[in-house]
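FYI, the UniProt record's numbering numbers position 110 of the sequence shown as 110, with every residue one higher than the one before it.
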Amino acid sequence: MSLSSIFNSFGVFVSSKRLPSKTKRRLPSPIPKFEHTVGFLKMNIGFFGCYLLVSESEKPLYRGKCYVGFTVNPERRIKQHNRGSRYGGAWRTSNRGPWEMVLVVHGFPNEICALRFEWAWQHPDRSRRLRVLKLRKRQKESALDHHIKILSHMLNVGPWNRLPLTIRWLCEKYEAMLKNTVVTPPHIEVISGPLNTGDRCEMENYDFTLSDTCKLCCNSIMQGSLLTCVDQHCRANFHVICLANEFRKSEAQFIIPVTGVCPNCKTVLKWGTLVSKNMIRIRDEKFN
């Protein structure tokens, strides 16, 4: 089993049903992306995020309204929303601000996965995974509280509860008010502060030391089937399938693990982080 075939399981949902129309749009990104294709499926390295905006307009009609969107560059996107639709902002947010970006959910393996998350967050009553929860807005519930409630439920149902996501709070005021209302699985990280270039590039300068022998089975490793421990003092190498089987010992009912312990250094590793960083190595090998 190759690294790329394992990676496609993180959110690339193959279906004969037509995707929501929003998934067809072209999304220009200033961040270089690496695409690795398996059949007709593409796994990308880059930043893909879903964000939540809240209006701080002085007009009572718009104040407190929320907007959910997708972006590859949060800093640029919030500027577009606040400048209006003529400058790339959405028509629903044009002249209804100023808008504050409350948080961004990132760590999606590709833009299709992120766009599906965005669509479900916008339409919980139409999503087949959320509509059974009947997440209707209560009479005295604010729009912001309602969207945070939907997000909390999304992060705890499949397939999103097994993705290597990160919740990043971008506004201290709203984080203090709402942080305790977002319940996440243990492997989903909740952090604060603005993104920087290093976050968006997903540590693309990470240095790997490569060998051709699996630490578990002691057999040689073919190119494309290698995973390297990301602990800087370990660098042990494994077959993808060997390490996946080792991680799955505690949750054998799932094909793809979420977390596990490195057999060599005993460091707790997140499977999604491990795979994405090794995809960076594949990209560097391909272009160097």
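Think of the CB as a built atom: it goes at the ideal place given N, C-alpha and C, for glycine as much as any other residue.
Compute the Euclidean distance between the alpha carbons of residue i and residue j, then round it to the nearest angstrom.
i	j	result
N264	W160	29 Å
T23	I255	Reliability of the predicted coordinates at T23 is poor, the pLDDT of 43 falling under 50, and the value obtained from them is presented with this limitation in mind. T23 and I255: Cα-Cα distance of roughly 27 Å.
M101	V72	14 Å
residue 291	A252	Residue numbering for the chain in the displayed model covers 1 to 288; residue 291 lies beyond these limits and cannot be assessed.
N278	Y67	34 Å
C218	A236	12 Å
L135	N196	34 Å
V261	R86	50 Å
M222	V190	36 Å
N156	S127	15 Å
V268	K59	49 Å
A244	S276	14 Å
V183	G89	30 Å
R83	P185	36 Å
R76	L170	14 Å
H239	I78	42 Å
P257	Q139	40 Å
I241	G158	23 Å
residue 296	S225	In the structure as shown, the chain starts at 1 and stops at 288, and residue 296 therefore has no counterpart that could be examined.
Closest to residue i by CA distance: which of the options is it?
i	options	result
R162	C113, R136 and K137	C113
S192	D212, M177 and R168	R168
H233	L216, K266 and G88	K266
Q80	T259, E141 and L53	L53
S94	F108, L115, Y62 and V104	Y62
D231	E75, T273, K134 and C242	T273
G69	E111, G46 and E141	E111
H123	R138, L170 and L151	L151
V105	R92, K173, N82 and P74	P74
S55	R92, P257 and F238	R92
R129	R96, W119 and P185	W119
W121	F47, Q139, K149 and C171	K149
F47	N82, A90 and P109	P109
P194	R138, E172 and A244	E172
Y51	I241, L103 and S225	L103
Beta-carbon separation of residue i and residue j under 8 Å?
i	j	result
S213	S220	Residue identity check: residue 213 is Thr in the sequence provided, not Ser. For T213 and S220, yes; Cβs fall inside 8 Å.
H147	T259	no
T181	G107	no
G64	L144	yes
E246	L216	yes
K249	P164	no
R131	D125	yes
L57	R96	The residue asked about is misnamed: residue 57 is Ser in this sequence, not Leu. Yes, the pair counts as a contact, with Cβ atoms nearer than the cut-off.
H153	L178	no
Taking DSSP's pairing of strands, which residues face residue i in a bridge?
i	result
R168	V104 and I191
L259	Per the sequence shown, residue 259 should be read as Thr rather than Leu. Its beta-bridge partners are K270.
F238	L227
T213	S220
W99	S55
So, with DSSP's three-state summary, where would you put residue i?
i	result
C50	strand
N278	helix
Y67	strand
T181	helix
L227	strand
W160	helix
N219	coil
E75	helix
S55	strand
H123	coil
F117	helix
H233	coil
L243	helix
K249	helix
residue 291	Given that the chain is displayed from residue 1 to residue 288, the structure contains no residue 291 and the question cannot be resolved.
L61	coil
K137	coil
N196	coil
P130	It should be pointed out that residue 130 corresponds to Leu in this sequence rather than to Pro. Reduced to three states, the DSSP call for L130 is coil.
L144	helix
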